[in-house]
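Asks:
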Amino acid sequence: MQWTWDIDGWIILAGILSACSCALLGNYLVLRRLSLMGDAISHAVLPGLALAFIITQSRDTVPMFLGAVIIGILTALLTQVITRYGKVEHGAAMGVVFSILFAVGLVLIRRATDHVDLDPACVLYGNIVQIPLDATVDALPPAIVNLIIALIANVVFVALFYKELKISAFDPMLATTLGIGAGTMHYALMVMVAITTVACFEAVGSILVIAMLIVPPVAAHLLTDRLGVMIIISLLLAIASAVGGHLAAVFGPGLFGMDATAETSAMMAVVAGALLGITILGSPQYGVIARAWNRAALTMQIVRQDMLGLLYRWRELQPRSGRAMLRSDVLAAINGGWLAKRALKRLVRTREVVSVITNQGPAIRLTPNGLASASQLVGSHRLWETYLAKHFNLAVDHLHAPAERMEHFISSEMQAELREQLTEVQTDPHGKPIPEPDEL
Amino acid sequence: MLSAVSITDNAIAWPSSQELWRALSLADYNTRVVVIGATLLGVAAGIIGTFAYLRKRAMLGDALSHATLPGIAIAFLISGEKNLSLLLLGATTTGVLGILAVVAMRKIPRIKEDAAIGIVLSVFFGIGMVLFSLIQQTDTGNAAGLTSFIYGKAAAMIARDAILIGVSAAAILIGCALLYKEFRLICFDKSFAAAQGWPVAAIDLAMMAMVVCVTVVGLQAVGLIMIVALLIIPAAAARFWTDRLSTMTLIAGTFGAISGYLGSTISALTPRLPTGAVIVIVTGILFFASMFFSPHRGVLASVIRQWALSRRIAFQHLLRAMAEHEESGHTSPATFEAVFVKRSWTRSALTRLIRRATSGGLLDRAALPALRLTSAGRDNATRILRNHRLWEMYLIRYADIAPSHVDRDADEVEHVLAGDVVRDLEQALNSKDEIAPSPHPTEQPV
Chain A
941 MQWTWDIDGW
951 IILAGILSAC
961 SCALLGNYLV
971 LRRLSLMGDA
981 ISHAVLPGLA
991 LAFIITQSRD
1001 TVPMFLGAVI
1011 IGILTALLTQ
1021 VITRYGKVEH
1031 GAAMGVVFSI
1041 LFAVGLVLIR
1051 RATDHVDLDP
1061 ACVLYGNIVQ
1071 IPLDATVDAL
1081 PPAIVNLIIA
1091 LIANVVFVAL
1101 FYKELKISAF
1111 DPMLATTLGI
1121 GAGTMHYALM
1131 VMVAITTVAC
1141 FEAVGSILVI
1151 AMLIVPPVAA
1161 HLLTDRLGVM
1171 IIISLLLAIA
1181 SAVGGHLAAV
1191 FGPGLFGMDA
1201 TAETSAMMAV
1211 VAGALLGITI
1221 LGSPQYGVIA
1231 RAWNRAALTM
1241 QIVRQDMLGL
1251 LYRWRELQPR
1261 SGRAMLRSDV
1271 LAAINGGWLA
1281 KRALKRLVRT
1291 REVVSVITNQ
1301 GPAIRLTPNG
1311 LASASQLVGS
1321 HRLWETYLAK
1331 HFNLAVDHLH
1341 APAERMEHFI
1351 SSEMQAELRE
1361 QLTEVQTDPH
1371 GKPIPEPDEL
Chain B
36 MLSAVSITDN
46 AIAWPSSQEL
56 WRALSLADYN
66 TRVVVIGATL
76 LGVAAGIIGT
86 FAYLRKRAML
96 GDALSHATLP
106 GIAIAFLISG
116 EKNLSLLLLG
126 ATTTGVLGIL
136 AVVAMRKIPR
146 IKEDAAIGIV
156 LSVFFGIGMV
166 LFSLIQQTDT
176 GNAAGLTSFI
186 YGKAAAMIAR
196 DAILIGVSAA
206 AILIGCALLY
216 KEFRLICFDK
226 SFAAAQGWPV
236 AAIDLAMMAM
246 VVCVTVVGLQ
256 AVGLIMIVAL
266 LIIPAAAARF
276 WTDRLSTMTL
286 IAGTFGAISG
296 YLGSTISALT
306 PRLPTGAVIV
316 IVTGILFFAS
326 MFFSPHRGVL
336 ASVIRQWALS
346 RRIAFQHLLR
356 AMAEHEESGH
366 TSPATFEAVF
376 VKRSWTRSAL
386 TRLIRRATSG
396 GLLDRAALPA
406 LRLTSAGRDN
416 ATRILRNHRL
426 WEMYLIRYAD
436 IAPSHVDRDA
446 DEVEHVLAGD
456 VVRDLEQALN
466 SKDEIAPSPH
476 PTEQPV
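For the record, the sequence lines run as chains A and B.
Following our numbering, the numbering of the first sequence begins with 941 at its first residue and continues without gaps.
Following our numbering, the numbering of the second sequence begins with 36 at its first residue and continues without gaps.
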């Protein structure tokens, strides 16, 4: 496939402009759990557009936007009325409103127009390839002008009401008590979504609008805890989806040996989805991989600590000079398996245990280092047992299991606190001595 | 029919009344199949939709239906032909994948259900559209008609499709009848069901399987964008009419049937109108009619109730104002001005109120400008004044509210005090039948 900046440049520009407009507003929709409202409005603007066209018999910008504004308010209003009177759940209420409005819009379009730009298929994926054809030497294509205006309007809206939007996104009640009027902000947001939808409609269609409203903000939310950063990341992701989407649409099918180009706007949605997929996997804090890694690390830590505890108790039963625990016994006591082997290897590496040779085979002995960590752990275990026995009145044979779980999560500060509360006790309820922190 | 229709002519040829009647009465063979199929689909969607709706799974259906598109495209790419069962198999596969994706994403922190639905809906649909655009460029015309899955084209249905829908509808009806108790349990109290040992996940799965089934067989008739409307809207409309699940299921099924029947008839006769849209508009009309006119929850009914209440309250205010005037030992009878200063009402509203009270036999205007209570009016006024005072005393004694603040609080409650509450108050305050004096000045300072 050939690439010409005269054509592809315009397409990418249109994609970037619409993606950024949508992603900017989408942050607030996602935070307010109104993602489906974007879906709803982008379907529901259809009758507004059709009516504006029927009334004016033209595709002038102003009536179209007017129609969109009215429909945006109408959708939000109807949803509220239905939720209130019908006790319909919010999501379902949106489903009712937008599917009916969309159906009305489809029929109106059929009824009213033979204009190719309002073809029902175009509603879905727009007509982005038309844009470069409208470009002349000294004028921007009208669709690009609309998109630029929409983006500027959105930036101004977000910049002016940044604080208000932020508070009503996170705490609508607080916003209302501060006199901001979360309801007003809600409707303002809906109107902006509707305007943006209309501006993006003929270029990229409703699918990309929905995708860009939701997907980049969700991905950004997985990467940061700050709203400002989230907005910037979502914009970067939107730009990446637009550029990547067009590249994939032009060159992608060639990779599979097809002599064709894919629909650019649909491909932009797919690329956005792919970027989200990567984020879901790779996000350092909330990603699947990071969380799996953390869980695995925790498991390993617990196995290591259990191993140390085991060796401590063994040492307690044996006289100081007694024989060390055999390696095979250690592994078997921790359910054998590769997990136990890895844990043991790590303990050897951190010099908390040493491997010694005995007549029966390799055995494991605690080093002074390991003894310190082990007595810390067993101390937590026995302190917790004592605490439970004292304050919860549990039977003696019910103490071990909860302590076995808790011992890994008692910090040294908490241990000191427990010791303070239990100064009079020297042994746990089973009669075992509670190791002192300085005992070595 | 009309003579040759040019390609560029986009006018919709509305059917004559005869054509309409032939279609509605199933006399016309061409439309009979379509109408029966769409009606059955409406019944099935309405019934399973009721459960999905109550289980708050309605919008999941939207993600599901959009996610069927890539499946249709892939099935076509692999088989190279429009074999309906293969296409529907593909649709089912990716549709279920879409649901699984939503369920998986919900488990990730920070991704809420609504966002997950939106993501699946747009990304899966995007994949579908990418594949469709490739099919359209590489194919030689075999693919024409595939897009009818998007907006629905009931006119393209043949007898086999109607049979498929009929069988699915029957299966869903039987399934819902057999699992009625289980569905009801998880719709209303899932935790209770789980605590009772019911396999909640399996029941949920069965419900979703039926939703998938309706969606997939309905694709051709209604289209994937609007099939979700058939799941949600009849159920939401039925909710206005009843509080009983069995009744709601029946009403939703009926609404679904009516929508399918009328919608498919109209669209079969006007092929340029997308069937899905027409069916959805019919459900929409049913929905809004229910929302406005249902006797209990309808907008109209609640507006009337509110109006009646505010009218009663206004009457009671007037009567109390009269009673307080008489009580305060004025020798002259009450006049318009004397009553007017008692509350912040407008002159016109008070004039209307007095006129209505007179015609209602509560007030006597014979000796204007003097206004007198009739005996019926006095009974009423005394009771209202007494309720007001009782509540004031109660608030002062038990809620520790200052006497100067108590009038307003009592003002809000006096209208809705039920008889037994009044008796409780009398007991609590040891009050006999007499009216306690007001704890605060009743005259407005002039």
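From the three backbone atoms N, C-alpha and C, an ideal C-beta is built for every residue, glycine too.
For clarity, every value in this text was computed on a predicted model and none was experimentally measured.
Do you know offhand how far A:Y977's Cα is from A:S1320's?
Replies: Contrary to the premise, residue 977 of chain A reads as Met rather than Tyr in this sequence. Their backbone Cα atoms lie some 51 Å apart in a straight line.
Asks: What residue does the alpha helix (DSSP H) around B:T282 start on, and which one ends it?
Replies: 280 to 304 is the span of the alpha helix (DSSP H), which, as asked, contains B:T282.
Asks: Got a sec: which bits of the stretch 300 to 311 of chain B sit with their beta carbon under 8 Å from any beta carbon on chain A, in order along the chain?
Replies: Answer set for the stretch 300 to 311 of chain B: R307, L308, P309, G311.
Asks: Can the beta-carbon of A:I1011 be found closer than 8 Å to that of A:G1031?
Replies: No, they are not a contact pair.
Asks: At 7 Å on the CB atoms, spell out the chain A contacts of B:D149, in chain order.
Replies: Residues of chain A passing the Cβ test: R973, S975, L976, G1031.
Asks: Going straight from the alpha carbon of B:T85 to that of A:Q997, what length do you get?
Replies: Approximately 42 Å between the Cα atoms of the pair.
Asks: For the beta strand (DSSP E) containing A:L1306, list its first residue and its last residue.
Replies: Counting along the chain, the beta strand (DSSP E) containing A:L1306 begins and ends at 1301 to 1306.
Asks: As an exercise, report each continuous alpha helix (DSSP H) stretch of at least 4 residues that is fully enclosed by the stretch 1099 to 1149 of chain A, in chain order.
Replies: Listed in chain order, they are 1102 to 1110, 1112 to 1117.
Asks: Beta-carbon of A:E1203 versus every beta-carbon of chain B: anything under 8 Å?
Replies: Taking Cβ atoms only, chain B reaches closer than 8 Å to A:E1203, which makes this a yes.
Asks: Which stretch, first to last residue, makes up the beta strand (DSSP E) that contains A:S1295?
Replies: Residues 1293 to 1298.
Asks: By how many angstroms is the C-alpha of B:I238 removed from the C-alpha of B:Y88?
Replies: Those two C-alpha atoms are separated by around 15 Å.
Asks: Check whether the Cβ atoms of A:I1147 and B:M243 sit closer than 8 Å, and answer yes or no.
Replies: Not closer than 8 Å, so no.
Asks: Of the choices A:A1264, A:A984, A:A1280, whose alpha-carbon is the least far from that of A:T1298?
Replies: Among A:A1264, A:A984, A:A1280, the Cα nearest to that of A:T1298 belongs to A:A1264.
Asks: Taking the beta carbon of B:T310 as the centre, do at least 16 other beta carbons fall within 10 Å, making it buried, or is it exposed?
Replies: Buried, by the Cβ-count rule.
Asks: Kindly say whether B:V315, judged by its beta-carbon, lies nearer than 8 Å to any beta-carbon of chain A.
Replies: For B:V315, the answer is yes, since a Cβ of chain A falls inside 8 Å of its Cβ.
Asks: In chain A, which residues lie less than 7 Å from B:A173 when you measure between Cβ atoms?
Replies: Here residue 173 of chain B is Thr; the residue named in the question, Ala, does not match the sequence. Result: M1198, A1200.
Asks: Taking B:R432 as the query, report the chain A residues whose CB atoms sit under 7 Å from its CB, ordered along the chain.
Replies: The contacting residues do not exist; B:R432 stays about 32 Å from chain A at best.
Asks: Less than 8 Å between the CB atoms is what I'm expecting for A:T1136 and A:A1090, so what's the real figure, rounded?
Replies: Yes, A:T1136 and A:A1090 are in contact; Cβ-Cβ is about 5 Å, under 8 Å.
Asks: Which of helix, strand or coil does DSSP assign to A:P1156?
Replies: Helix at A:P1156.
Asks: Confirm, please, whether the CB-CB distance from A:T1015 to A:F994 is below 8 Å.
Replies: Note on identity: in this sequence residue 994 of chain A is Ile, with Phe being the wrong assignment. Their beta carbons are not under 8 Å apart, which means A:I994 does not touch A:T1015 by this criterion.
Asks: Where B:M253 and B:A197 are concerned, what is the direct C-alpha to C-alpha distance, given to the nearest angstrom?
Replies: Met is not the amino acid found at residue 253 of chain B; the sequence shown has Gly there. In a straight line, the C-alpha of B:G253 is about 10 Å away from that of B:A197.
Asks: With a Cβ-Cβ cutoff of 8 Å, do B:I293 and B:L266 count as a contact?
Replies: No, these two residues do not count as a Cβ contact at 8 Å.
Asks: Which residues in chain B have a C-beta closer than 8 Å to the C-beta of A:M1207? List them in chain order.
Replies: Ordered by position in chain B, the residues that pass the 8 Å Cβ test against A:M1207 are G161, V165.
Asks: Can you list, in chain order, the residues of the stretch 1149 to 1167 of chain A whose Cβ is nearer than 7 Å to any Cβ on chain B?
Replies: For the stretch 1149 to 1167 of chain A, which is checked against every Cβ of chain B, the residues closer than 7 Å are I1150, A1151, I1154, V1155, V1158, H1161, L1162.
Asks: If you drop the 5 nearest sequence neighbours on each side, which residues of the same chain put their C-beta closer than 7 Å to that of A:V1056?
Replies: Residue placement at A:V1056 is poorly supported in this model, since its pLDDT is 42, which falls under 50; the coordinates still yield a value, given next. So no residue of the chain qualifies.
Asks: Kindly indicate which three-state DSSP category B:A228 falls into: helix, strand or coil?
Replies: Of the three classes helix, strand and coil, the one that applies to B:A228 here is helix, per DSSP.
Asks: Taking a contact to mean a Cβ-Cβ separation below 8 Å, would you say A:I1171 touches B:S157 in this structure?
Replies: Cβ atoms of A:I1171 and B:S157: not closer than 8 Å.
Asks: For A:Y968, I'd like the list of residues in its chain whose CB is within less than 7 Å of its CB, leaving aside the five on either flank, ordered along the chain.
Replies: If we look at A:Y968 and ignore the five residues flanking it on each side, its Cβ neighbours are L1105, A1109, L1129.
Asks: Where does B:Y64 land, buried or exposed, given buried means 16+ other C-beta within 10 angstroms?
Replies: So B:Y64 counts as exposed.
Asks: Pull out every residue of the stretch 999 to 1023 of chain A whose Cβ sits closer than 9 Å to any Cβ of chain B, in chain order.
Replies: Answer in chain order: V1021, I1022.
Asks: By alpha-carbon positions, which one of B:I436, B:Q53, B:S168, B:F160 ends up nearest to A:A1202?
Replies: Closest by alpha carbon: B:S168.
Asks: Examine chain A for any beta-carbon lying closer than 8 Å to the beta-carbon of B:D97, and answer yes or no.
Replies: By this cut-off, B:D97 is an interface position.
Asks: Taking 8 Å as the cut-off, decide whether the C-beta atoms of B:G406 and B:L398 are in contact.
Replies: Checking the sequence, you will find Leu at residue 406 of chain B rather than Gly. Yes, Cβ-Cβ distance for B:L406 and B:L398 is below 8 Å.
Asks: Under 8 Å, do A:A1209 and A:I956 count as touching if we go by C-beta distance?
Replies: Taking 8 Å as the Cβ cut-off, A:A1209 and A:I956 do not qualify as a contacting pair.
Asks: Classify B:A39 as buried or exposed, calling it buried when 16 or more other Cβ atoms lie within 10 Å of its own Cβ.
Replies: Because B:A39 carries a pLDDT of 39, less than 50, the predicted location of this residue cannot be relied on, and the following value inherits that uncertainty. Flag for B:A39 reads exposed.
Asks: For A:N1086 and A:T1001, which I take to be in contact (beta-carbon distance under 8 Å), what is that distance rounded to the nearest angstrom?
Replies: Contact holds; Cβ gap of about 6 Å.
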